[in-house]
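A.B. asks: Let me begin by handing over the structure; questions about it come next.
Protein chains: 2
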Amino acid sequence: MLKSISLDRDEGTQLAELFRLLGEPNRLRLVTACLDGPRSVGELTALAGISQSLVSQHLRLLRAGRLLRQHRAGRRVYYDLPDCHVRSMLINMLEHMREPDEGEEENES
Amino acid sequence: MLKSISLDRDEGTQLAELFRLLGEPNRLRLVTACLDGPRSVGELTALAGISQSLVSQHLRLLRAGRLLRQHRAGRRVYYDLPDCHVRSMLINMLEHMREPDEGEEENES
DNA sequence: TCAACATATGAACATCTTTGCATATATACC
DNA sequence: GGTATATATGCAAAGATGTTCATATGTTGA
């Protein structure tokens, strides 16, 4: 586990890089599509509704950022999540997003 | 709690937007700097090592995305996290990042 | 070997974002 | 009111990113 968060400069940059990868709708869809198990590039292309070429471009970035893992089976290439952190992080963010406004503090004088 | 993740198109886009906000090193530093309690813009400017103007620009975006909350005290404006989800999400991602490589599966034939 | 299928890559283009600078607003104190 | 401090905003330039298209690589089976 982790007691506290204190990011040094490098870690901050590296972490931002991970978030940047998830910050693109198509890429995020590719990741979430892999939450229920490995998906082939073909499946992902159909699910995401974008060109196969574009899917591959995004998958390459996600692979490089270790947000997705690749393995081959015959002529298909499958992608899945490397660990459970991404999953729980997605859940947390989704909760945050779905939460109603709490601290709006309008300053109308 | 949340049983499963199934994002519709809109939620996906919205969630990606949140990640995009965290995907910029300076902005991520501003958010993490607020993890230990409210920080004034002045403090944040010193901590982040960028111009006050730029800090304000980023704070505005973080505010709009409800990743930070704003409240005024005298001539100072303080920022802090609106809920605990962002915190736990950051922890999860940090763990993911610090984890050693698991699934590299080199295909060298 | 060849053709057919599945995936990956390179380069050019269009777009979006970050940044810096100047300036505007807001608050406090005299 | 006027001045100093604290924060916010508008705009243009510079830089980074997503997308498309064409093509390359890798795999299977005849």
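Heads up: the protein sequence lines correspond to chains S and X, in order.
With this note's numbering, letter number 90 in the first sequence gets 90, and the count goes up by one each step, no holes.
When you read off a place in the second sequence, starting at 1, and then add 1000, the result is the number in this note's numbering.
Just so it is clear, CB atoms sit at the ideal spot from N, CA and C, and this is done for glycine as well.
Given the structure is predicted, the values throughout are model-derived calculations rather than measurements.
#1: Can you give the Cα-Cα distance for residue 39 (chain S) and residue 10 (chain S), rounded to whole angstroms?
#2: Which of helix, strand or coil does DSSP assign to residue 1010 (chain X)?
#3: Out of curiosity, what's the CA-to-CA distance linking residue 1035 (chain X) and residue 1075 (chain X)?
#4: Would the beta-carbon of residue 22 (chain S) fall within 8 Å of that of residue 1016 (chain X)?
#5: Within the 8 Å Cβ cut-off, does residue 1058 (chain X) reach chain S?
#6: Would you mind stating whether residue 42 (chain S) and residue 1029 (chain X) have Cβ atoms separated by less than 8 Å?
#7: Would a C-beta distance cut-off of 8 Å place residue 54 (chain S) and residue 79 (chain S) closer than the cut-off?
#8: Since I believe residue 1093 (chain X) is in contact with residue 18 (chain S) (beta carbons under 8 Å), could you give me their beta-carbon distance rounded to a whole number of angstroms?
#9: Here's a check: name, in chain order, each residue in its chain whose Cβ is nearer than 7 Å to the Cβ of residue 1037 (chain X), leaving out the five neighbours to either side.
#10: Is the Cβ of residue 86 (chain S) closer than 8 Å to any Cβ of chain X?
#11: Taking the Cβ atom as the reference point for each residue, do residue 111 (chain S) and residue 68 (chain S) lie within a distance shorter than 8 Å?
#12: Among S:7, S:25, S:8, S:20, whose alpha-carbon lies nearest the alpha-carbon of residue 1008 (chain X)?
#13: Can you check whether the C-beta of residue 1075 (chain X) is within less than 8 Å of a C-beta belonging to chain S?
#14: Pull up the DSSP beta-bridge partners for residue 39 (chain S), would you.
#15: Relative to the C-alpha of residue 1086 (chain X), which candidate in X:1014, X:1027, X:1031, X:1006 has its C-alpha closest?
#16: Run through the DSSP bridge pairs and tell me what residue 46 (chain S) is partnered with.
C.D. replies: This is what the structure gives:
#1: On the first sequence, position 39 is the one that residue 39 (chain S) refers to. On the first sequence, position 10 is the one that residue 10 (chain S) refers to. Cα-Cα distance, rounded: 32 Å.
#2: For the purposes of this step, residue 1010 (chain X) is identified with residue 10 of the second sequence, where counting begins at 1. In this structure, residue 1010 (chain X) counts as helix in the three-state DSSP scheme.
#3: Position 35 of the second sequence, counting from 1, holds the residue named residue 1035 (chain X). Position 75 of the second sequence, counting from 1, holds the residue named residue 1075 (chain X). About 22 Å.
#4: Here residue 22 (chain S) corresponds to residue number 22 of the first sequence, with the count starting at 1. Here residue 1016 (chain X) corresponds to residue number 16 of the second sequence, with the count starting at 1. Closer than 8 Å, so yes.
#5: The residue you call residue 1058 (chain X) lines up with position 58 of the second sequence. No - not a single Cβ of chain S is within 8 Å of the one on residue 1058 (chain X).
#6: The residue labelled residue 42 (chain S) in the question sits at position 42 within the first sequence. The residue labelled residue 1029 (chain X) in the question sits at position 29 within the second sequence. No, Cβ-Cβ distance for residue 42 (chain S) and residue 1029 (chain X) is not below 8 Å.
#7: Here the question's residue 54 (chain S) lines up with position 54 in the first sequence. Here the question's residue 79 (chain S) lines up with position 79 in the first sequence. Their beta carbons are not under 8 Å apart, which means residue 54 (chain S) does not touch residue 79 (chain S) by this criterion.
#8: For the purposes of this step, residue 18 (chain S) is taken as residue 18 along the first sequence, with counting starting at 1. For the purposes of this step, residue 1093 (chain X) is taken as residue 93 along the second sequence, with counting starting at 1. About 6 Å separates the two Cβ atoms, so the contact holds.
#9: On the second sequence, position 37 is the one that residue 1037 (chain X) refers to. Same-chain partners within the cutoff: 1080.
#10: Position 86 of the first sequence, counted from the start, is the residue given in the question as residue 86 (chain S). Yes, residue 86 (chain S) counts as interfacial toward chain X.
#11: Since the first residue of chain S shown is 1 and the last is 109, residue 111 (chain S) is not available in this structure.
#12: Locating residue 1008 (chain X) in the second sequence gives position 8, where the first residue counts as 1. The residue with the shortest Cα to Cα distance from residue 1008 (chain X) is S:25.
#13: Position 75 of the second sequence, counted from the start, is the residue given in the question as residue 1075 (chain X). It does not; no Cβ of chain S falls within 8 Å.
#14: The residue labelled residue 39 (chain S) in the question sits at position 39 within the first sequence. For residue 39 (chain S), which the question treats as bridged, DSSP gives the partners S:79.
#15: For the purposes of this step, residue 1086 (chain X) is taken as the residue at position 86 of the second sequence. The candidate whose alpha carbon is nearest that of residue 1086 (chain X) is X:1031.
#16: Along the first sequence, read from residue 1 onward, the residue named residue 46 (chain S) stands at position 46. None; residue 46 (chain S) has no bridge partner.
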